[in-house]
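Respectively, the protein sequence lines represent chains A and B.
Residue 1 is where the first sequence starts when you use my numbering, and the numbers rise one by one after that.
Residue 1001 is where the second sequence starts when you use my numbering, and the numbers rise one by one after that.
For reference, the structure discussed in these notes is given below.
2 protein chains.
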Amino acid sequence: MITVSIIGSGNLAHHLIQTFEAHKNIVLQEVFARNKTNIIAKIDKAKITSDLNNLKEVDVYIIAISDDYIADVSSQFSFENKLVVHTSGGVSISVLSDKNRKGIFYPLQSFSKNKNISFENIPICIEAENETDAKLLTALAQLISKSVYQVSSLQRKALHVAAVFANNFVNYLYQQAYEICQDNEISFEILKPLIQETAQKVIHLTPEEAQTGPAKRGNTKLIKSHEDFLSNTKQLIIYKTLTQSILEHAKKL
Amino acid sequence: MITVSIIGSGNLAHHLIQTFEAHKNIVLQEVFARNKTNIIAKIDKAKITSDLNNLKEVDVYIIAISDDYIADVSSQFSFENKLVVHTSGGVSISVLSDKNRKGIFYPLQSFSKNKNISFENIPICIEAENETDAKLLTALAQLISKSVYQVSSLQRKALHVAAVFANNFVNYLYQQAYEICQDNEISFEILKPLIQETAQKVIHLTPEEAQTGPAKRGNTKLIKSHEDFLSNTKQLIIYKTLTQSILEHAKKL
């Protein structure tokens, strides 16, 4: 049995609360939220506190709040030498206050409050300062996920940057496709199966193997006709930058 | 009952052959391939021909070959005033020879020979010069797909450009994420659930609604730390270009 408390009421906190509450081998002791009404997850109201100074003793305190407030909140705890972790991909372990043992519990996924998600297939990246804490965090993570990795702070930073490419930037390209459809009175529905298939292909192929398209084939005539078609400057810049990069990469192969 | 012949032996031809052969209301009369051994789909060998001048009469001749050869092949047919269509997103209907009736039968998906795929969920874009041919092509497409759209040549061009963003460019971003993982000795497996979730989100949300990340939030400190992290020039150029575009877009909202 592992006891935990959660500090935070955002998207990730919401899903952690629901998952921990439902697990028979995890005791969710308390949830801290400045504004108690922010907690919409199913949880005994008595467990919600807005008093950071009187948190009960647990095995792991999980800070799941905005990056900018992690350092500050971790320094406000009244206890010492407990295991305190944060859940951020973009923040170093070192920002946590020195008065407690430090760790990372980083689920690599994009969360929305209004979309249910199972942690079972979400990779959780663990980091700790000593072997005992690493084991405890790994055990906790394995209770809710099949994919648990020990990842250093430098590797976590790399993962976070990689996730910006694979999630934020990818979604922004979907948006360009969406806008091109809108501008030409085409339903975005037509592109959805292609979007799903593109994502599914890299489950079994490397992205290198899955790459297709005019730039990969060096079809400069088609590239020119696409560039002539794009009247939106923003889209033209993205088209030219990525096409140039694919052309150069293809040359090296 | 609709009778068709396929000209070509590439990825799309392969999947069309398999699908048409299996359909009780479609008769696949012949398949033309310069090299008969290229046809690996399950089909009666007697249906395969390498003689373009003696094709039997059918309702629709489907040219599924590389863009550059469509015009040439369509001009070599010995028959006249039949319905001849091509299957390309990037080529105008006008390249087809004037001696036959012209049409488009464009399934919008990325095909690989070694990956089975069901046409049921693949959108098929239809274009024809007259109503009768449009009806016939629509009927044929509806026999194999639930999503059939009448799309003009200009709209098809827009769709093709949009597909470059949503497929080719997206996959290239996956590759950057893959390389960042490799360079930092991280398993690419960790990113796969995020990649799937990113694609699934835009089924029910617009890309605009689904957008997250440092650039969307205007977190310039985090952006700077990512740029400092990226030592690969190619990745830095892509990171800066897309981040700048997201920042400018966010300002307009």
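Glycine included, every Cβ here is placed at the ideal spot set by N, Cα and C.
Note that the structure is a prediction, hence the values are computed from the model and not measured.
For residue j and residue i, the rounded distance between their alpha carbons
i	j	result
ALA1041 of chain B	TYR1106 of chain B	20 Å
ILE1246 of chain B	THR1206 of chain B	15 Å
SER97 of chain A	ALA71 of chain A	7 Å
LEU83 of chain A	VAL202 of chain A	37 Å
ALA128 of chain A	GLN1109 of chain B	45 Å
GLY90 of chain A	GLU179 of chain A	30 Å
THR1037 of chain B	PHE188 of chain A	39 Å
HIS1249 of chain B	ALA1199 of chain B	21 Å
HIS1160 of chain B	TYR174 of chain A	13 Å
GLU80 of chain A	ASN1171 of chain B	47 Å
ILE1048 of chain B	GLU1030 of chain B	6 Å
GLN1150 of chain B	GLN1142 of chain B	12 Å
ALA134 of chain A	CYS125 of chain A	11 Å
HIS1086 of chain B	LEU1136 of chain B	15 Å
ILE39 of chain A	ILE26 of chain A	19 Å
Chain-order list of residues whose beta-carbon lies under 7 Å from that of residue i (same chain, five-residue window excluded)
i	result
LEU230 of chain A	LEU236, TYR239
ALA1177 of chain B	LEU1191
LYS146 of chain A	GLU120, ASN121
THR19 of chain A	PHE119, ILE144
Sequence-distant residues of the same chain with beta carbon closer than 8 Å to residue i, five excluded per side
i	result
ASN11 of chain A	PHE111, SER112, LYS113
VAL1073 of chain B	ILE1007, LEU1052, ILE1063, ILE1065
Chain-ordered neighbours of residue i on chain A, where CB pairs are closer than 7 Å
i	result
SER1231 of chain B	In chain order: nothing, as chain A lies at least about 11 Å away.
VAL1161 of chain B	ILE180, HIS226, PHE229, LEU230
THR1241 of chain B	ILE237, ILE238, THR241
VAL1095 of chain B	Near VAL1095 of chain B there are no residues of chain A at all, since even the closest Cβ is about 12 Å away, more than 7 Å.
LYS1047 of chain B	Result: empty, since nearest Cβ-Cβ is about 28 Å, beyond 7 Å.
Residue i (DSSP reduced to helix, strand or coil)
i	result
ARG1101 of chain B	strand
ILE1070 of chain B	helix
PHE1111 of chain B	coil
HIS1086 of chain B	strand
GLU1120 of chain B	helix
GLN211 of chain A	coil
ILE237 of chain A	helix
ALA64 of chain A	coil
THR3 of chain A	strand
VAL1058 of chain B	coil
GLU1129 of chain B	coil
VAL1027 of chain B	strand
PHE1020 of chain B	helix
Candidates the options: closest to residue i by CA position
i	options	result
LYS1252 of chain B	B:HIS1226, B:LYS1216, B:LEU1242	B:LYS1216
PHE1032 of chain B	B:LYS1146, B:ILE1117, B:PHE1077	B:PHE1077
ARG1101 of chain B	B:ILE1186, B:PHE1119, B:TYR1061, B:ILE1124	B:TYR1061
ILE1017 of chain B	B:GLY1103, B:ILE1117, B:SER1088, B:ALA1162	B:ILE1117
LYS99 of chain A	A:ARG156, A:GLN155, A:LYS115, A:SER75	A:SER75
SER1005 of chain B	B:LEU1055, B:PRO1193, B:ALA1046	B:LEU1055
VAL1148 of chain B	A:ILE104, A:SER92, A:PRO193	A:PRO193
ALA158 of chain A	B:PHE1165, B:ALA1163, B:ILE1186, B:ILE1104	B:ILE1186
ASN232 of chain A	A:ILE195, A:LYS115, A:ASP183	A:ASP183
ILE1043 of chain B	B:SER1050, B:GLU1021, B:GLU1057	B:GLU1021
Within chain A, the residues that residue i reaches when beta carbons sit closer than 9 Å
i	result
THR1087 of chain B	In chain order: nothing, as chain A lies at least about 15 Å away.
Partners in chain B for residue i, counting only beta-carbon separations shorter than 8 Å
i	result
GLU208 of chain A	GLN1175, TYR1178
SER245 of chain A	TYR1172, LYS1234, ILE1237, ILE1238
Residues that residue i contacts on chain A, provided the C-beta gap is smaller than 8 Å
i	result
LYS1216 of chain B	ASN168
ALA1158 of chain B	ILE180, CYS181, ASP183, ASN184, ILE186, PHE229
LYS1192 of chain B	VAL202, ILE203
ILE1122 of chain B	PRO193
GLN1211 of chain B	ASN168, ASN171, TYR172, GLN175
Interface residues of chain B facing residue i [CB-CB closer than 7 Å]
i	result
GLU197 of chain A	GLN1109, SER1110
GLY8 of chain A	Going along chain B, no residue has its Cβ under 7 Å from GLY8 of chain A, so there is no contact; the nearest lies around 17 Å.
Proximal residues to residue i (C-beta, below 6 Å), its chain only, five neighbours per side dropped
i	result
LEU140 of chain A	ILE2
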